[in-house]
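Since the structure comes first, as structure tokens, the remarks are kept for the end.
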Amino acid sequence: MNILEFEDVSFSYEGYGPTIQNLSFTIDKPKFVSIIGASGCGKSTIFKLILSLLNMQSGNIFYKGKNINTLRSYAGYMPQKDLLFPWKNIKNNLSIPMDIKNIPKKEKEQKISSILEDIGLSDVAEKMPYELSGGMRQRISFARTILTDSDLLLFDEPLSALDYITRLQMQSWLLDRLNKFSDKTAIFITHDVEEAIFLSDTILVVKDVPIKELIRVDVPLSRNRTRDMLDKTEMINLKNNILSMLKNGGSNE
Ligand SMILES: Nc1ncnc2c1ncn2[C@@H]1O[C@H](COP(=O)(O)OP(=O)(O)OP(=O)(O)O)[C@@H](O)[C@H]1O
Ligand SMILES: [Mg+2]
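Take the sequence shown: its position 49, counted from the start at 1, is 49 in the UniProt record's numbering, and no numbers get skipped.
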């Protein structure tokens, strides 16, 4: 059974031309997938459709074979901005996805302390978001996404706001953490071709706008990858291949 399927999906913002037109694609099994494309091409819109935050004009989206309009809370979402509530401390921010599901207090507390330990931030539970660095906030936001306990995790440019060095560190960290959850499907949106190659099993490239197709590129690396593997000729060719698809596209970056 497919994890995610878009069937002939079309979407336009009211009063505008189409952003997505008769788009079909599938993610056939649990894996890490990146969607890469120029700024403004419609990547975040794809996520908002998956999350039913926007309604498509035609077509269907299926999650594990079920139409999403029959489902609730099937995906965890890390939005483009970290969106921690500034007036809630870290513990209470992490509690949100579980509050929605009415999980008992004791279980929530146990899960929060376990994930804080897992992300190496056990000492920040009582702190406020403004007391944390950008990288720490991203880790908390990541933890909150994991605490939704969904098998489908959507990351909208989770690292793009970070400085280059922190970003590289966070890429390795993210990959390592996600590798612990072998039954999960993670979809990352990114502008960065190297990040897409480093994080994913498969890359879906947006070549043209409106989005009518996603060009699928498989990354021939095992999950136990290290950054120096990106220097292999095969990977450099892959990178150039994706860059040329992006350059030749009709997007507006
Ligand atoms: N609420 C809206 N109403 C009208 N147009 C919108 C709305 N939200 C987004 N758009 C437009 O739809 C297009 C796709 O937006 P989207 O946010 O999906 O792009 P994106 O690929 O995620 O861009 P970025 O990489 O900059 O985040 C853009 O041209 C954008 O200006
Ligand atoms: Mg976006």
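Backbone N, C-alpha and C fix where the C-beta goes; we use that ideal spot for every residue, glycine too.
Because the structure is a prediction, the values reported are computed rather than measured.
Between the alpha carbons of residue i and residue j, how many angstroms are there, rounded?
i           : j   : result
residue 306 : M78 : Residue 306 cannot be examined here, being either before or after the span of the chain that is shown, 1 to 253.
S10         : Q80 : 23 Å
P175        : Q21 : Just to set this straight, residue 175 is Leu in the shown sequence, not Pro. Going from the Cα of L175 to the Cα of Q21 covers about 32 Å.
E157        : K43 : 10 Å
Y130        : N89 : 9 Å
I50         : N67 : 11 Å
S182        : K31 : 8 Å
I112        : S95 : 7 Å
D218        : A38 : 20 Å
T45         : F85 : 23 Å
From this set, the options, which residue's C-alpha is nearest residue i's C-alpha?
i    : options              : result
L178 : K101, F25, S200      : S200
D28  : G17, K180, R167, K64 : K64
R216 : L84, L54, G40, N241  : N241
T70  : S52, D228, I115, N2  : S52
Give the C-beta separation of residue i and residue j to the nearest angstrom, bearing in mind that I take them to be a contact with Cβ-Cβ under 8 Å.
i    : j    : result
T145 : L152 : Wrong, their Cβ atoms sit about 11 Å apart, outside the cutoff.
S34  : L204 : 7 Å
L230 : E194 : 6 Å
R139 : L121 : 6 Å
Going by DSSP, which residues form a beta bridge with residue i?
i    : result
V206 : L214
N60  : E7
Is residue i buried or exposed, if buried means 16 or more other CB atoms sit within 10 Å of its CB?
i    : result
P97  : buried
Q171 : buried
E14  : exposed
S133 : exposed
I165 : exposed
K184 : buried
N93  : buried
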